Structures are given as C-alpha cells and as structure tokens.
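Engineer:
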Amino acid sequence: MTRTELYHTYKSKILQLSDLEEGTLKSESFLLDRDEKKQLDIYYAPFEYVNPEAKVVIAGISPGLYQMRQSFEAIRDLKDATDEEALQAVKQRGSFSGPIRKNLVTMLDELELHHHLGIESSLDLFGSANHLVQNTAVLPYPVFYKGKNYNGSSPDLLRTDLFRPYVEGVFAEEMAQLQHALILPMGVNVGRAIQQLIERGILNQERVVNGFPHPSGGNGHRHRIFAENRDTMKQKIAEYFNHYPL
Numbered sequence: 043m044t045r046t047e048l049y050h051t052y053k054s055k056i057l058q059l060s061d062l063e064e065g066t067l068k069s070e071s072f073l074l075d076r077d078e079k080k081q082l083d084i085y086y087a088p089f090e091y092v093n094p095e096a097k098v099v100i101a102g103i104s105p106g107l108y109q110m111r112q113s114f115e116a117i118r119d120l121k122d123a124t125d126e127e128a129l130q131a132v133k134q135r136g137s138f139s140g141p142i143r144k145n146l147v148t149m150l151d152e153l154e155l156h157h158h159l160g161i162e163s164s165l166d167l168f169g170s171a172n173h174l175v176q177n178t179a180v181l182p183y184p185v186f187y188k189g190k191n192y193n194g195s196s197p198d199l200l201r202t203d204l205f206r207p208y209v210e211g212v213f214a215e216e217m218a219q220l221q222h223a224l225i226l227p228m229g230v231n232v233g234r235a236i237q238q239l240i241e242r243g244i245l246n247q248e249r250v251v252n253g254f255p256h257p258s259g260g261n262g263h264r265h266r267i268f269a270e271n272r273d274t275m276k277q278k279i280a281e282y283f284n285h286y287p288l
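Last residue of the sequence shown: 288 (our numbering), numbering continuous.
(1) Short check: CB of Ile100 to CB of Ser258, under 9 Å?
(2) What is the DSSP secondary structure of Ala269, reduced to helix, strand or coil?
(3) Could you check what DSSP says for Leu150 in three-state terms: helix, strand or coil?
(4) Just how far apart, CA to CA, sit Lys68 and Asn284?
(5) Could you tell me the alpha carbon to alpha carbon distance between Lys121 and Phe114, rounded to whole angstroms?
(6) Would DSSP call Asn289 helix, strand or coil?
(7) On the three-pair Cβ rule with 8 Å, is the region 173-185 touching the region 89-100?
(8) State yes or no: is the C-beta of Ile236 within less than 9 Å of the C-beta of Val250?
(9) Less than 7 Å between C-beta atoms, sequence neighbours within five positions excluded: which residues of the same chain meet that for Ser71?
(10) Under 9 Å, do Tyr183 and Leu129 count as touching if we go by C-beta distance?
(11) Which residues does DSSP pair with Gly102 in a beta bridge?
(12) Do Asp151 and Ser164 have their C-beta atoms closer together than 9 Å?
(13) May I ask which residues mark the beginning and end of the beta strand (DSSP E) holding Leu224?
(14) CB-CB under 8 Å to Asn145, same chain, minus the five flanking residues each way: which ones, in chain order?
(15) Check Asp61 in the structure and name its three-state DSSP category.
(16) Could you work out which residue in Arg118, Gly106 and Glu241 is closest to Asp61 when comparing CA atoms only?
(17) How would you label Glu216, buried or exposed, when you count the other beta carbons within 10 angstroms and need 16 or more for buried?
(18) Should His158 be labelled buried (16 or more other beta-carbon atoms within 10 Å of its own) or exposed?
(19) Hey, out of Leu82, Ala96 and Lys276, whose CA is closest to Ser196's CA?
(20) Is it buried or exposed, Gln112, if we count other Cβ atoms within 10 angstroms and call 16 or more buried?
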C-alpha cells in the first residue's frame, strides 16, 4: 500500500474519532507494525507530504505522541481541504512542534542557515518560509517503546528488523525525491541511519551536515556537542549553498 493509499485509508478513521486522548490515538485502529518481543509499536499518523521545492531537510528520529496528536488535529480542522493542503498543514503544524522547536531554531540561526535561505530566522521555516523545508524523520510514523516515545537508541535503530523498511524504504524514497536538498540529521542516531544509507550508495555524503545534536530539552549534552561541531557545520552549510545557490 502506498503512502497516499494509507492516508485515504486512515483519514476517515481520524475524522470519526470522538477524542484525541492517548488511548484513542494508540489503538489497534491506527497500528501499522508491532514487535511484541521488543515491545515496539508503530502507529499511523498523516506525515506523508513531501515538499518538492525544499532546499533543506530537517530529519528527526520519529514523530512522538505530541506530534501525532497535532497531526490528527490538523486533519480534523481541515477536513474540507484538498489532500495536499491538509497534509502540508500537518507537516507545518506537527513537525518538531512544542519546546523542541525553540531549541532547534536557536541552533539553526547560530549556524546562519537563515542567511543562506534568504529569510530573517529559521523560525520562518515553520511559517512563511515553510516552502523551503522538508521536516521529516527516518522513522516517518510514530514509534513507541514500552509505551513511550522511541528515542532511537534502545533498542538500536539499525539493529531492529521492524525499522528497516521505514529507513531503507519510506525515508530513502523521500530523500530521492529531494536530490538537491541539504540534509540536517537531528542527533547521533539519525546520523547513523543516514550514514548507513550513504555507505549503501542511496544518499550522497555532500548533502549531509554531520554533528547536529538532537534539540530535545532532555538532551543534556546538546550544548557541548553543538559547540564542538558548530564551526564545521557552519562551513559545510556555507559550502553547500555556494555550490547549490537558491
């Protein structure tokens, strides 16, 4: 089943929900995949939209429960919109939403990404300049480990069979549609997944900015990691946009 077909299958279910409580969202109705032994569940959420004009890709691990709920709300609010309009709104509203967005924007601005994109701040990527970005995840649907948001490390992202079709299939296909977009992996585990795709010849190394820490407030090492890699990342971004100007 294609991602478009998935959306059409689940859209009516989303619109029929009486509430958006955790138990409602994480129900069998939206379950895509499960590994009972590893206590992993993957649920559907409408994150299918691919922005063909994107100049930069911001890639996380997986949408969490908060982003899942935001995506369902967007579909319900825009039930009379076209599929493309609704799915685009999901990406804008639900991607890296909550406190994580402030940390992300602060770091991106320090790397001067906004200057290369011709905008006032990277915050605009979630508003008026949303056409310049593809916000995504190597696991594009919400993943829960023991009922909690999956963080990419336990169980290991690259050693879990359940994840392979999503990383090497869905995510890789999405990146193939955005051949000249710079890729910013959020955190070491996303970076490892993307490095594996590079080693297999699926992605080009020159597109990828290594060393960006996950912007979650729970990542106590993010300030140190960012400081250590800032100059290298800043140079990589500048070189990329010099080679591929807007």
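Cβ atoms here follow ideal geometry from the backbone N, Cα and C, with glycine treated the same way. None of the values given here were measured: they were computed from a predicted structure.
Structural biologist: Concretely, from the data shown:
(1) One-based indexing of the sequence shown puts residue 100 at position 58. One-based indexing of the sequence shown puts residue 258 at position 216. Their beta carbons are not under 9 Å apart, which means Ile100 does not touch Ser258 by this criterion.
(2) By 1-based counting over the sequence shown, the position of residue 269 is 227. Reduced to three states, the DSSP call for Ala269 is helix.
(3) Taking the first residue of the sequence shown as position 1, residue 150 is located at position 108. In this structure, Leu150 counts as helix in the three-state DSSP scheme.
(4) By one-based count along the sequence shown, residue 68 stands at place 26. By one-based count along the sequence shown, residue 284 stands at place 242. Straight across, the Cα-Cα distance linking Lys68 with Asn284 is about 45 Å.
(5) Here residue 121 is taken as the residue at index 79 of the sequence shown, counted from 1. Here residue 114 is taken as the residue at index 72 of the sequence shown, counted from 1. For Lys121 and Phe114, the distance between alpha carbons rounds to 10 Å.
(6) What is shown of the chain runs 43 to 288, which leaves residue 289 out entirely.
(7) yes
(8) Taking the first residue of the sequence shown as 1, we reach residue 236 at position 194. Taking the first residue of the sequence shown as 1, we reach residue 250 at position 208. Yes, the Cβ-Cβ distance between Ile236 and Val250 is below 9 Å.
(9) Reading the sequence shown from its first residue, position 29 is the one you call residue 71. Taken in chain order, the residues that qualify are Lys55.
(10) In the sequence shown, residue 183 corresponds to position 141, counting from 1. In the sequence shown, residue 129 corresponds to position 87, counting from 1. Cβ atoms of Tyr183 and Leu129: not closer than 9 Å.
(11) By one-based count along the sequence shown, residue 102 stands at place 60. Answer by DSSP bridge pairing, in chain order: Ala179.
(12) As a working note, residue 151 is residue 109 in the sequence shown. As a working note, residue 164 is residue 122 in the sequence shown. Against a cut-off of 9 Å, the Cβ pair of Ser164 and Asp151 comes out as a contact.
(13) Here the question's residue 224 lines up with position 182 in the sequence shown. Unbroken beta strand (DSSP E) run through Leu224: Leu224 to Pro227.
(14) Within the sequence shown, residue 145 is the residue found at index 103, counting from 1. So the qualifying residues of the chain are Pro257, Ser258, Gly259 and Arg264.
(15) Working through the sequence shown from its first residue, we reach residue 61 at position 19. Secondary structure at Asp61: coil, using DSSP grouped into helix, strand and coil.
(16) By 1-based counting over the sequence shown, the position of residue 61 is 19. Cα-wise, what sits closest to Asp61 is Arg118.
(17) Sequence index remark: in the sequence shown, residue 216 carries index 174 (1-based). The residue in question, Glu216, is buried, as its Cβ has 16 or more Cβ neighbours within 10 Å.
(18) Here the question's residue 158 lines up with position 116 in the sequence shown. Classification for His158: buried.
(19) Along the sequence shown, read from residue 1 onward, the residue named residue 196 stands at position 154. Checked all of Leu82, Ala96 and Lys276; the closest Cα to Ser196 is Leu82.
(20) As a first step, residue 112 must be located in the sequence shown, where it is residue number 70. It is buried - the Cβ of Gln112 has at least 16 other Cβ atoms within 10 Å.
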